[in-house]
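Enquirer: First the structure, then my questions, so here it is.
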Amino acid sequence: MQLYSSFTEDSLDKYCAQLINRRPLVHCMTNDVVQEITANVLLACGASPAMVIAEEESAQFSSIADALLINVGTLTSERYIAMKQACEVAHTCQKPWVLDPVAIGPMTWRNNCIIELMKYSPSVIRGNASEIICLAGSGSGGHGVDSINGSDEAINAAQMLASHTGAIVAVTGEADFITDGHRTVTINGGHIMATRVVGTGCSLGALVAAFITLDNNTLDACAAAHALFKRSEEFAVAHAQGPGSFHSVFLDALYQISHRKQNDQ
Amino acid sequence: MQLYSSFTEDSLDKYCAQLINRRPLVHCMTNDVVQEITANVLLACGASPAMVIAEEESAQFSSIADALLINVGTLTSERYIAMKQACEVAHTCQKPWVLDPVAIGPMTWRNNCIIELMKYSPSVIRGNASEIICLAGSGSGGHGVDSINGSDEAINAAQMLASHTGAIVAVTGEADFITDGHRTVTINGGHIMATRVVGTGCSLGALVAAFITLDNNTLDACAAAHALFKRSEEFAVAHAQGPGSFHSVFLDALYQISHRKQNDQ
Amino acid sequence: MQLYSSFTEDSLDKYCAQLINRRPLVHCMTNDVVQEITANVLLACGASPAMVIAEEESAQFSSIADALLINVGTLTSERYIAMKQACEVAHTCQKPWVLDPVAIGPMTWRNNCIIELMKYSPSVIRGNASEIICLAGSGSGGHGVDSINGSDEAINAAQMLASHTGAIVAVTGEADFITDGHRTVTINGGHIMATRVVGTGCSLGALVAAFITLDNNTLDACAAAHALFKRSEEFAVAHAQGPGSFHSVFLDALYQISHRKQNDQ
Numbered sequence: 001m002q003l004y005s006s007f008t009e010d011s012l013d014k015y016c017a018q019l020i021n022r023r024p025l026v027h028c029m030t031n032d033v034v035q036e037i038t039a040n041v042l043l044a045c046g047a048s049p050a051m052v053i054a055e056e057e058s059a060q061f062s063s064i065a066d067a068l069l070i071n072v073g074t075l076t077s078e079r080y081i082a083m084k085q086a087c088e089v090a091h092t093c094q095k096p097w098v099l100d101p102v103a104i105g106p107m108t109w110r111n112n113c114i115i116e117l118m119k120y121s122p123s124v125i126r127g128n129a130s131e132i133i134c135l136a137g138s139g140s141g142g143h144g145v146d147s148i149n150g151s152d153e154a155i156n157a158a159q160m161l162a163s164h165t166g167a168i169v170a171v172t173g174e175a176d177f178i179t180d181g182h183r184t185v186t187i188n189g190g191h192i193m194a195t196r197v198v199g200t201g202c203s204l205g206a207l208v209a210a211f212i213t214l215d216n217n218t219l220d221a222c223a224a225a226h227a228l229f230k231r232s233e234e235f236a237v238a239h240a241q242g243p244g245s246f247h248s249v250f251l252d253a254l255y256q257i258s259h260r261k262q263n264d265q
Numbered sequence: 266m267q268l269y270s271s272f273t274e275d276s277l278d279k280y281c282a283q284l285i286n287r288r289p290l291v292h293c294m295t296n297d298v299v300q301e302i303t304a305n306v307l308l309a310c311g312a313s314p315a316m317v318i319a320e321e322e323s324a325q326f327s328s329i330a331d332a333l334l335i336n337v338g339t340l341t342s343e344r345y346i347a348m349k350q351a352c353e354v355a356h357t358c359q360k361p362w363v364l365d366p367v368a369i370g371p372m373t374w375r376n377n378c379i380i381e382l383m384k385y386s387p388s389v390i391r392g393n394a395s396e397i398i399c400l401a402g403s404g405s406g407g408h409g410v411d412s413i414n415g416s417d418e419a420i421n422a423a424q425m426l427a428s429h430t431g432a433i434v435a436v437t438g439e440a441d442f443i444t445d446g447h448r449t450v451t452i453n454g455g456h457i458m459a460t461r462v463v464g465t466g467c468s469l470g471a472l473v474a475a476f477i478t479l480d481n482n483t484l485d486a487c488a489a490a491h492a493l494f495k496r497s498e499e500f501a502v503a504h505a506q507g508p509g510s511f512h513s514v515f516l517d518a519l520y521q522i523s524h525r526k527q528n529d530q
Numbered sequence: 531m532q533l534y535s536s537f538t539e540d541s542l543d544k545y546c547a548q549l550i551n552r553r554p555l556v557h558c559m560t561n562d563v564v565q566e567i568t569a570n571v572l573l574a575c576g577a578s579p580a581m582v583i584a585e586e587e588s589a590q591f592s593s594i595a596d597a598l599l600i601n602v603g604t605l606t607s608e609r610y611i612a613m614k615q616a617c618e619v620a621h622t623c624q625k626p627w628v629l630d631p632v633a634i635g636p637m638t639w640r641n642n643c644i645i646e647l648m649k650y651s652p653s654v655i656r657g658n659a660s661e662i663i664c665l666a667g668s669g670s671g672g673h674g675v676d677s678i679n680g681s682d683e684a685i686n687a688a689q690m691l692a693s694h695t696g697a698i699v700a701v702t703g704e705a706d707f708i709t710d711g712h713r714t715v716t717i718n719g720g721h722i723m724a725t726r727v728v729g730t731g732c733s734l735g736a737l738v739a740a741f742i743t744l745d746n747n748t749l750d751a752c753a754a755a756h757a758l759f760k761r762s763e764e765f766a767v768a769h770a771q772g773p774g775s776f777h778s779v780f781l782d783a784l785y786q787i788s789h790r791k792q793n794d795q
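For the protein sequence lines, the chains are A, B and C, in the order given. Using our numbering, the letters of the first sequence correspond one by one to residues 1 to 265. Using our numbering, the letters of the second sequence correspond one by one to residues 266 to 530. Using our numbering, the letters of the third sequence correspond one by one to residues 531 to 795.
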């Protein structure tokens, strides 16, 4: 039997305050399209991003950073080698790391790379519904980088994938689901306008990497990052005229919501 | 004798509605500087961007995507090999593809690469006036990535290039000219503030790739993408205080103008 | 004895007017994260950015451009080879160039690359306090790409580094210090919100490269670029609700402040 639970505002504020206090250093090995928004999302919330991508130094930096994000969006063979080395160090040093298997499915080489990276036991696997269903072995992927499934269609796949791998699995969509295979947290809300801004999903992966440095409860820390995104999307859409202003206001909202208890003090 | 014609708002709305309906998957192999704005422009208008750049998978993805954009802005030898493979597949599978010969002229290696890519018969060649004049064989290029010629100076070169290659040739500038060598469509308007925001030209190439998937009238589909940009620039400049806010409002305008007939329904 | 001096608004306006008039072409070899903001900062102020990164053409373009920026943020071995070739040409042709030694300290390979690049005599070395202290030989670097020192702690290191290398050394932080080892210009003001937007430091390096093409007084030209940033940060924070809107308004402010005397004419 699966347990479902939701996420409280108090818990979100607690995680946000911890993040600002600790300022975790997040080693981001991500795709070329979302580098800027990924860094800006982390900075808005009080984390410290650093993109180190060469095979000459990715392993060394992985041992220094507090967490690692691997996002295979614009994978190349050079980046893949560097990612593997960083993952190996993260695994050995027991640093938390997040895998985002972007566009898994239709492309053979990418699929093989992702399967290899999975061997280093990611702490969290996050993706859209089509990606999670495909990675769990029951689908052939999405439409390029977009999902062709609703997030609720991926709940069983996510729970199975979590049970098999030991990772927390997070699915984003109309509702987000975060699961360890036994307990599943649902985060409702957000707004579809976020899908019109590139990198909102990818940068969430980076924020998850930052949050899971905060305690050993990876499931709830991961859920907190998702909740912060959903709340910020709602704020943003209320103040935006389209995806351009949504992008700006969304970053403002991440900053304001994550710092709201700071300002009370 | 050359025919000139303009472009109607009704035709623009028809193309926009089709784009939203079909959501074409655009394979973008573009430069490092404009990855984010390129994706955001496509998303704002309802297309689906995907950046796949490795030689291990560019050909495979080219066969899946609906259209391909090749922009040589920050070309490297690795990207060039991957681009050639993608172009070959696009050519063989008769997928439409757009070539943006960024900064052709002063750099020898880049020129040779562009000439090689031309062999795969691009559906559309788009660039600024200096680039089009240079590619047509009568100029030595611009000032870095910027034009040193007015777009009207490039009309003859564009028409000649179109006749020789069979491609639609599009020149951007104070007025845009799109030609098949016989018929030339003029798109007036827009605003010079767009030249203060990086990637407005490059992302137009991606939008052209999306639009030319919609019917076999490549000339008019290409003109529709240009018209959507000009109209959005005019909207943006009326609501902007400089290039930073112009960028945001421009994306909002692309979204609003392309979806205006949707909202009427 | 060290001399300290401040910077006048009149001098800033003079440099800005020259920049708009001359439109220098800045060859940017910078990290993947900040490509867009770097180009947009240069465009906002009237300079012309071009990112040319392949070893096949970086040297050729370096001989064409008016100035070169080398920022080692997401260094790879391929980019390093291309950078060295560009630096060699810049040095030989006496083109001004700026070195930004991002994240120098904890990573061995990066440190060695930076030391090699230093041999081509950069005109300006700019960084945060921890980077400048480390490069001067008295510290082990920062927290990823962020400083762990106040900028005032780096004044002595900056002056020593300038004296030893012959470069102008610029430190950014709560106050900015620009020095030739003898005379040190202090630029006060700005706002800490700028540290929540990725690339504000990196893009300043590009603007410095543009400004030092304007006259042989590299120290004052460099200080002018820093002053323009500080003034724009102050303007931006007064009109922003967080780091997202700060980014937009900051670019607007760069445009408005750099063009204010143009508009008077």
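For each residue, glycine too, the CB sits at the ideal point set by N, CA and C. This one's a predicted model, so the numbers in the text were calculated from it and none came from an experiment.
Which residue comes first and which comes last in the beta strand (DSSP E) that contains residue 176(A)?
Expert: 176–179
Enquirer: For residue 378(B), collect the residues of the same chain with a Cβ closer than 7 Å to its Cβ; drop the 5 residues on either side in sequence, then sort them by chain order.
Expert: Within the same chain, residue 378(B) has close Cβ partners 337, 340 and 345.
Enquirer: Please identify the residue among 714(C), 655(C) and 670(C) whose C-alpha is closest to the C-alpha of residue 803(C).
Expert: Since the first residue of chain C shown is 531 and the last is 795, residue 803(C) is not available in this structure.
Enquirer: Assign residue 384(B) to buried or exposed, taking buried as 16 or more other Cβ atoms, counted over all protein chains shown, within 10 Å of its Cβ.
Expert: exposed
Enquirer: Going by C-alpha to C-alpha distance, which of 629(C), 652(C) and 740(C) sits closest to residue 621(C)?
Expert: 652(C)
Enquirer: Is it buried or exposed for residue 645(C), if we count other Cβ within 10 angstroms and need 16 for buried?
Expert: exposed
Enquirer: From residue 781(C) to residue 760(C), what does the alpha carbon distance come to, in whole angstroms?
Expert: The straight-line gap from Cα to Cα measures roughly 12 Å.
Enquirer: Does DSSP put residue 173(A) in a helix, in a strand, or in coil?
Expert: coil
Enquirer: Would you mind telling me which residues of chain C sit closer than 7 Å to residue 521(B), beta carbon to beta carbon, in chain order?
Expert: Correct list: empty, because the minimum Cβ distance to chain C is about 18 Å.
Enquirer: Listed from N- to C-terminal order along the chain, which residues in the stretch 501–521 of chain B have their beta-carbon within a distance smaller than 8 Å of any beta-carbon of chain A?
Expert: Taking 8 Å as the Cβ-Cβ cut-off against chain A, the residues of the stretch 501–521 of chain B that qualify are 512, 513, 514, 515, 516, 517, 518, 519, 520 and 521.
Enquirer: Using a Cβ cut-off of 7 Å, pull out every chain C residue sitting near residue 32(A), in sequence order please.
Expert: Neighbours of residue 32(A) on chain C, chain order: 562.
Enquirer: Which term fits residue 471(B), buried or exposed, when burial requires 16 or more other beta carbons within 10 angstroms of its beta carbon?
Expert: buried
Enquirer: How many Å lie between residue 784(C) and residue 575(C) at the Cα?
Expert: 6 Å
Enquirer: Looking at the structure shown, is residue 146(A) part of a helix, part of a strand, or coil, going by DSSP?
Expert: strand
Enquirer: With H, G and I counted as helix, E and B as strand and the rest as coil, what does DSSP make of residue 279(A)?
Expert: Nothing about residue 279(A) can be read from this structure; chain A reaches only from 1 to 265.
Enquirer: Taking only runs of the alpha helix (DSSP H) that begin and end inside the stretch 282–323 of chain B, which ones reach a length of at least 4 residues, in chain order?
Expert: 300–310
Enquirer: Here's the rule I'm using: 16 or more other beta-carbon atoms within 10 Å means buried, otherwise exposed. How should residue 137(A) be labelled?
Expert: exposed
Enquirer: Using a Cβ-Cβ cut-off of 6 Å (strictly less than) and excluding sequence neighbours within five positions of residue 453(B), which residues of its own chain qualify?
Expert: 440
Enquirer: If you check the beta carbons only, do residue 369(B) and residue 399(B) fall under 8 Å apart?
Expert: yes
Enquirer: In chain order, what residues of the same chain have a beta carbon less than 7 Å from the beta carbon of residue 504(B), not counting five sequence neighbours either side?
Expert: 514
Enquirer: With a threshold of 8 Å between beta carbons, is residue 326(B) in contact with chain A?
Expert: yes
Enquirer: Between residue 728(C) and chain A, is there a C-beta pair that is closer than 8 Å?
Expert: yes
Enquirer: Tell me which residues share the same chain as residue 693(C) and place their Cβ nearer than 6 Å to its Cβ, disregarding the 5 neighbours each side in the sequence.
Expert: Within its own chain, the residues whose Cβ lies closer than 6 Å to the Cβ of residue 693(C), once the five positions on either side in sequence are excluded, are 711, listed in chain order.
Enquirer: With burial defined as no fewer than 16 other Cβ atoms inside 10 Å of the residue's Cβ, what is the status of residue 281(B): buried or exposed?
Expert: If you draw a 10 Å sphere on the C-beta of residue 281(B), you find 16 or more other C-beta atoms in it, and that means buried.
Enquirer: Taking Cβ to Cβ, would you say residue 394(B) is nearer than 8 Å to residue 438(B)?
Expert: In this structure, residue 394(B) places its C-beta atom within 8 Å of the C-beta atom of residue 438(B).
Enquirer: Taking 8 Å as the threshold, find out whether the stretch 91–100 of chain A comes into contact with the stretch 141–148 of chain A through three or more Cβ pairs.
Expert: Too few Cβ pairs lie closer than 8 Å, so no.
Enquirer: What does DSSP give as the partner residues of residue 657(C) in its beta bridges?
Expert: 701(C)
Enquirer: Does residue 302(B) have its Cβ less than 8 Å from a Cβ in chain C?
Expert: Yes, contact with chain C.
Enquirer: Alpha carbon to alpha carbon, what distance is there between residue 790(C) and residue 538(C)?
Expert: 15 Å
Enquirer: Residues of the stretch 76–96 of chain A in Cβ contact with chain B at a cutoff of 7 Å, in chain order, please.
Expert: 76 and 77
Enquirer: Are residue 235(A) and residue 193(A) touching if we call contact CB-CB under 8 Å?
Expert: no
Enquirer: Give a yes or no on whether 8 Å exceeds the smallest Cβ distance from residue 106(A) to chain B.
Expert: yes
Enquirer: How many whole angstroms separate the CB atoms of residue 342(B) and residue 586(C), which I take to be in contact at a CB cut-off of 8 Å?
Expert: 6 Å
Enquirer: Exposed or buried, residue 792(C), counting other C-beta atoms within 10 Å across all chains shown (16 or more means buried)?
Expert: exposed
Enquirer: Can you give me the C-alpha to C-alpha distance between residue 491(B) and residue 430(B), rounded to a whole angstrom?
Expert: A straight-line Cα-Cα distance of about 21 Å links residue 491(B) and residue 430(B).
Enquirer: Could you tell me whether the Cβ of residue 411(B) comes closer than 8 Å to any Cβ of chain C?
Expert: yes
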